[in-house]
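K.L.:
Numbering (mature numbering (1 follows the signal peptide of the UniProt record, and there is no 0)), first residue to last: -21 to -1, 1 to 423.
Structure provided below as structure tokens; questions to follow.
Following this line, the structure appears as structure tokens:
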């Protein structure tokens, strides 16, 4: 059972809402479940052989009669699409002549050929229609992968996410057994998540919060800031793991403390990290059962409470407890070793190649850019803090090596040093929430 918590404050009860009709190409109507698919010709197919085993680049819908046909919309830039290719190949081998999975993309043949010739794509032998416009008009969508199931007699029987294309569901579909697959419906992420389209939130919604567990196929994965005149009044997270939602709250709260969050300020004290981190399952496909959707909107006059409310909701409705505490931790402290100024920039164009190439340089930037880049490097395990008290733009060139001894040697040329010392820092701590039974046992 998915846990959903919703708070909605409405400023009016009866409101009119105009829905803009989707622009339809003349004579091409979008199809829905139950519709008969017209016997169109699909052009520009690669890696395809007809029923007689002859290579061809065209096929009609009727050519797939007697087979379950899955149209799998994809693109070369969609990692969630490509990660499904091994599964597609295995399923086609297992079901043989009973199944045809046809990948569909609007990208041109040259782009697709380059992908399948590349290191990332050469191992796949997927049948795909390229340069498509027709199928996308018959089955409009915003998000990919997007899978359309067409029965052996040419009717649309399901529209799903790629996750639903599996052995169990395919077996039922081929055997004409009803499987009650969830229909993939792409949502408009600029609106509050799951808010009825009948409500014009833009001017009347005062407060809104929703939190649900489990991926939703009609949403992409990521986050967005809800803004009005540059003021952030809300945050939305779709198909995200808990740690990313918690850390967004942490970053906002660190900023309010005039501090800067980075991954070295995290203490993760949970027994089972797979429940909060992104983990992979079969075929390397990311698991979706521990993904969440979270949306929070606060009144414009109370935006300073956004991240406090966000953390409060996360702590209240999950099995975890996140908070910011001062901790005494081992750090790398950047210090000046003399009063001689060897850092001052000569001006000119801003350039930052830290640590993307060797040698690496920072030109006409504040010194905190160096600190940020050092804190972003996973090879440096300790937090790096700045105690140079240097406030002018700097020019600095480094070898690009992140070995501490090499880095210190590079910095020495600018009368700088990285020294291991302990400091009291704000740390974000995420731990398991004590269970009620454990709390009762601990009481005297």
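All C-beta atoms, glycine included, are put in the ideal place defined by N, C-alpha and C.
Give a yes or no on contact between the stretch 18 to 31 and the stretch 95 to 109, applying the rule of three or more CB pairs nearer than 8 Å.
P.N.:
yes
K.L.:
Which first and last residues belong to the alpha helix (DSSP H) in which residue 295 is found?
P.N.:
285 to 296
K.L.:
In chain order, what residues of the same chain lie with their CB nearer than 6 Å to the CB of residue 339, ignoring the 5 residues before and after it?
P.N.:
332, 333, 377 and 379
K.L.:
Let me know the secondary structure DSSP gives residue 310 once reduced to three states.
P.N.:
strand
K.L.:
Go to residue 153, then tell me how far its alpha helix (DSSP H) extends in each direction, as first and last residue.
P.N.:
146 to 153
K.L.:
State the DSSP-derived secondary structure class of residue 186, mapped to helix, strand or coil.
P.N.:
strand
K.L.:
As a quick exercise: from 316, 346 and 368, pick the residue whose alpha carbon is nearest that of residue 395.
P.N.:
316
K.L.:
Can you tell me whether residue 335 is buried or exposed, with buried defined as 16 or more other CB within 10 angstroms of its CB?
P.N.:
exposed
K.L.:
Output the distance between the C-alpha atoms of residue 277 and residue 204, rounded to the nearest integer angstrom.
P.N.:
Rounded to the nearest angstrom, the two C-alpha atoms are 12 Å apart.
K.L.:
Terminal residues of the continuous beta strand (DSSP E) containing residue 410?
P.N.:
395 to 411
K.L.:
Check residue 30 in the structure and name its three-state DSSP category.
P.N.:
coil
K.L.:
Under 6 Å Cβ to Cβ from residue 82, same chain only, skipping five residues before and after it: list those, please.
P.N.:
51, 53, 105 and 107
K.L.:
Can you look up residue 225 in the DSSP assignment and give me helix, strand or coil?
P.N.:
helix
K.L.:
Please state the DSSP three-state secondary structure of residue -14.
P.N.:
The pLDDT assigned to residue -14 is 35, lower than 50, so where the model puts this residue is not dependable, and the model offers no usable value.
K.L.:
Going by Cα to Cα distance, which pick from 132, 115 and 131 is closest to residue 125?
P.N.:
115
K.L.:
Would you mind reading off the limits of the alpha helix (DSSP H) that contains residue 352?
P.N.:
347 to 355
K.L.:
Could you pull the DSSP bridge partners for residue 128 from this structure?
P.N.:
49 and 137
K.L.:
Would you call residue 128 buried or exposed, if buried means 16 or more other Cβ atoms sit within 10 Å of its Cβ?
P.N.:
buried
K.L.:
Expressed to the nearest angstrom, what Euclidean distance is found between the alpha-carbon atoms of residue 385 and residue 282?
P.N.:
45 Å
K.L.:
Assign residue 217 to buried or exposed, taking buried as 16 or more other Cβ atoms, counted over all protein chains shown, within 10 Å of its Cβ.
P.N.:
buried
K.L.:
Please say whether residue 354 and residue 372 have beta carbons closer to each other than 7 Å?
P.N.:
no
K.L.:
Which value, in whole angstroms, describes the spacing of the CA atoms of residue 303 and residue 245?
P.N.:
9 Å
K.L.:
Taking residue 313 as the reference, which of 398, 393 and 348 has the closest Cα?
P.N.:
Minimum Cα-Cα distance from residue 313 among the listed residues 398, 393 and 348 corresponds to 398.
K.L.:
Give the C-beta separation of residue 14 and residue 134 to the nearest angstrom, bearing in mind that I take them to be a contact with Cβ-Cβ under 8 Å.
P.N.:
7 Å
K.L.:
Here's the rule: buried if 16 or more other CB atoms are within 10 angstroms of the residue's CB, otherwise exposed. What is residue 413?
P.N.:
exposed
K.L.:
Please name the residue in 86, 169, 174 and 66 whose C-alpha comes closest to that of residue 199.
P.N.:
169
K.L.:
Under 8 Å by Cβ, that's how I've got residue 307 and residue 387 pegged, so tell me the actual separation to the nearest angstrom.
P.N.:
Wrong, their Cβ atoms sit about 23 Å apart, outside the cutoff.
K.L.:
On the DSSP letters alone, give me the boundaries of the beta strand (DSSP E) that residue 206 sits inside.
P.N.:
For residue 206, the enclosing beta strand (DSSP E) starts and ends at 201 to 207.
K.L.:
In the structure shown, what three-state DSSP assignment does residue 75 receive?
P.N.:
helix
K.L.:
Quick one: Cα of residue 184 to Cα of residue 202, how far?
P.N.:
If you take the alpha carbons of residue 184 and residue 202, they lie about 20 Å apart.
K.L.:
Where does residue -1 sit, in a helix, a strand or coil, going by DSSP?
P.N.:
Any reading at residue -1 must be qualified, since the residue scores a pLDDT of 30, below 50, and its modelled position is unreliable; no value is offered.
K.L.:
Can you list, in chain order, the residues of its chain whose CB lies under 6 Å from that of residue 153, leaving out five sequence neighbours each side?
P.N.:
The answer, listed in chain order, is 47 and 77.
K.L.:
Could you check the C-alpha separation between residue 144 and residue 194 for me, to the nearest Å?
P.N.:
15 Å
K.L.:
Among residues of its own chain, excluding the 5 on either side of residue 1, which ones have a beta-carbon nearer than 6 Å to its beta-carbon?
P.N.:
Note that residue 1 scores 31 on pLDDT, short of 50, meaning its location in the model is unreliable and no value can be drawn from it.
K.L.:
Quick check on the DSSP output: the beta strand (DSSP E) that includes residue 214 runs from which residue to which?
P.N.:
210 to 220
K.L.:
Please name the residue or residues paired with residue 102 in a DSSP beta bridge.
P.N.:
Paired residue(s): none; residue 102 is not in a bridge.
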